[in-house]
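If you read the protein sequences in the order shown, they are chains V and H. For the first sequence, position 107 matches number 101 in our numbering, and the numbering has no gaps at all. For the second sequence, position 73 matches number 67 in our numbering, and the numbering has no gaps at all.
2 protein chains.
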Amino acid sequence: MSPTPNNIQAAVIQHKGLPDQASSLNQTETLIRQAASGGSKLILLQELHASLYFCQTQTYDNFALAEALEGPTKTRLSALAKELECVIVGSIFEKRMAGVYHNTAIVLDTDGSLAGIYRKMHIPDDPGFNEKFYFSPGEHDQIQQIGFTPINTSIGKLGVLVCWDQWYPEAARLMALAGAEILLYPTAIGWDAEDTKEEQQRQLDAWTLIQRSHSVANHLPTLVANRVGHEPDPSSNTQGITFWGNSFISGPQGEILAEGSNTETQILSATLDLSRTEQLRQIWPYFRDRRIDAYSALSQRSIKSQ
Amino acid sequence: MSPTPNNIQAAVIQHKGLPDQASSLNQTETLIRQAASGGSKLILLQELHASLYFCQTQTYDNFALAEALEGPTKTRLSALAKELECVIVGSIFEKRMAGVYHNTAIVLDTDGSLAGIYRKMHIPDDPGFNEKFYFSPGEHDQIQQIGFTPINTSIGKLGVLVCWDQWYPEAARLMALAGAEILLYPTAIGWDAEDTKEEQQRQLDAWTLIQRSHSVANHLPTLVANRVGHEPDPSSNTQGITFWGNSFISGPQGEILAEGSNTETQILSATLDLSRTEQLRQIWPYFRDRRIDAYSALSQRSIKSQ
């Protein structure tokens, strides 16, 4: 099967976290160059790839890790995108203004320009994942094209979401309705050593499954880049997090095209045939039959009976 | 683990279709008795179990198969539910009035009463599945408690949906928001012999996956009863449908608790621990973080950019 304009080779990079930004970006650059030399034109990085996952604790000093949109990460990725002529999806701890910080995905186009950004909409907050302490939730505005809005790039419209968003079918659907051609999830998720092996396996399976289901429901390929490796809890209150890797690429029927291990730094790649989406939507016309007259209660927190 | 009020043994019955209602209901009764004698207190039947899957063709004579809510199927299942003290979820071709027919799930409580009904909301229409010809879509009305509204029974609130609904995360979510404790899908889906084996496998995998994902997204157990066996196309225009069975029960993390074959009449059963839902929702608080301020476009058919 020879490549056509509808075929895009995509790569997902999962790696172990490094404590400082310079070494992190060096590592990332090496991996991006490797992915690009393998032919990939779209490269997805993991969540907050330029640091350790600092949200394990609530520590004021960590705000010093935040950078402006036009900061060192964007500068570095932008130069690489231009040089290697590929689209790179990175993830930064964004300082928007003093007191307003976001968990933001940035998309660099093949000419090095910032094609768009996505500020994480659903923010988790659990032991070990103190994200509500660090990040304001992103805003959604259809007119201003922020929030659940795909980012236009030279290789297609990217439905970029971040980590916790992956559990919400609503987010993937909104991206699909707005024309996304690929779903992408930079992620940082792992195991708590206090859970049993069986529970850990159920969590990993559920995580893979829910994201593959966004492919199925929307007939879109999905790219997921997750951290890998153990990061200790700086407070020593817990046993830290073992990020479970298992990054993957699924096709528009949820079929696995590439899948990472749960321990190693890896580059996964697969060729996406974007023309499959429309074929599948004609054969399985879910979008034709959505009951839009009956969905308004999706905007409720809970539906009271009577 | 001894049963507690939160544990419910549930069964799913998949069987080959029979052409006439009397033999179909006899077969169903035998299978229900078997499931109940095995200890199941909740029994799910497949879609339109009292006939062959007549929607393969558009045939006016088939409207003669429709029955009133208070028809022979309800009468038979009601008597069985009362005698066996279990909740039975059946499926009928409902004649609501001359010219208005529905694909309706009926829920019989342990006292034989009709606990509620669900009229299929999403209606498919594809070669071999001419459902828009036969069925009006169900209405949704939160106040009147019809549509995406769980049905109260003596063993819990049942989020009953039907077949094509299974592809819509919106439907499962609305049921969960309204308090459903279990999701149930009577189904009739199968393979077209013209598809390759690989494509058939992708379809089956996608179907299992999307329904398990409703368990994951909502932390609810899911029961799916699908037809099994080949039913010829009465018009001989196609090779008919090979219903793929593979009925299953998943737990509230999407884990498979029981799974049927793709060829045999079978009863599957599993014990559901309904207390797991709240535990999981505290550990993985998706419902806490839904961005209800940003979901209104889910009620649009398509979201125009700019």
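All residues carry an ideal CB built from backbone N, CA and C; glycine is no exception. Computed from a predicted structure; not experimentally measured.
With a 10 Å radius around the Cβ and a threshold of 16 neighbouring Cβ atoms, H/Ala5 comes out buried. For the segment 235 to 258 of chain H, the beta-carbon criterion of a distance under 8 Å to any beta-carbon of chain V is satisfied by Gln247, Gly248 and Glu249.
Ranked by Cα distance from H/Asp199, the options H/Gln8, H/Ser241, H/Phe281 and H/Lys68 are led by H/Ser241.
One alpha carbon belongs to H/Ala166, the other to V/Glu23, and they sit about 42 Å apart. Around H/Gln160, the same chain offers Tyr179 and Gln205 as residues with beta carbons nearer than 6 Å, after the five sequence neighbours per side are excluded. Contact annotation: H/Thr104 and H/Ser34 have beta-carbon atoms that are not nearer than 8 Å.
Excluding five sequence positions before and after V/Ala75, the CB atoms of its chain that fall closer than 7 Å to its own CB belong to Val81, Ile82, Leu102, Asp103, Thr104 and Gly106, given in chain order. Around the beta carbon of H/Ala60, 16 or more other beta carbons sit within 10 angstroms, so the residue counts as buried.
With a cutoff of 8 Å on beta-carbon distance, V/Ile137 and V/Cys157 are scored as not near each other. Selection H/Glu77, H/Gln273 and H/Gln50 evaluated against H/Ser31 yields H/Glu77 as nearest (Cα-Cα).
A Cβ-Cβ separation of about 5 Å places H/Ile243 in contact with H/Leu217 under the 8 Å criterion. With distances taken between CA atoms, H/Gly11 lies nearest to H/Leu46 out of H/Ile86, H/Asp55, H/Leu46 and H/Gln273.
Against chain H, the beta carbon of V/Arg196 has neighbours under 7 Å at Gln247 and Glu249, listed in chain order. In the structure shown, the three-state DSSP call for H/Asp283 is coil.
For H/Glu61, the pairing in a beta bridge is given by DSSP as H/Glu88. H/Phe87 sits away from H/Met115, with the two beta carbons spaced by 8 Å or more. The C-beta distance from H/Ala264 to H/Leu251 rounds to 4 Å, short enough to fall under 8 Å. Along the segment 193 to 226 of chain H, the positions whose C-beta sits under 8 Å from a C-beta of chain V are Arg196, Gln197, Asp199, Ala200, Leu203, Ile204, Arg206, Ser207, Val210 and Ala211, read in chain order. Contacts with chain H at 8 Å (Cβ-Cβ) include V/Phe142. Using a CB distance cut-off of 8 Å, H/Ile145 does not count as an interface residue toward chain V. If you ignore the 5 residues before and after V/Thr51, its C-beta comes within less than 6 Å of the C-beta of Pro228 and Ser229, all in its own chain and listed in chain order. Within 10 angstroms of the beta-carbon of V/Arg27 lie fewer than 16 other beta-carbons, which makes it exposed. Beta-carbon to beta-carbon, V/Ala44 and V/Thr67 are separated by about 5 Å, close enough to satisfy the 8 Å threshold. DSSP places H/Thr265 within a strand segment (E or B) once states are collapsed to three. V/Thr271 has its alpha-carbon roughly 10 Å from the corresponding atom of V/Ile277.
Beta-bridge annotation (DSSP): H/Ile235 is paired with H/Asp186 and H/Glu225. Looking at the DSSP output, H/Gly110 bridges to H/Val101.
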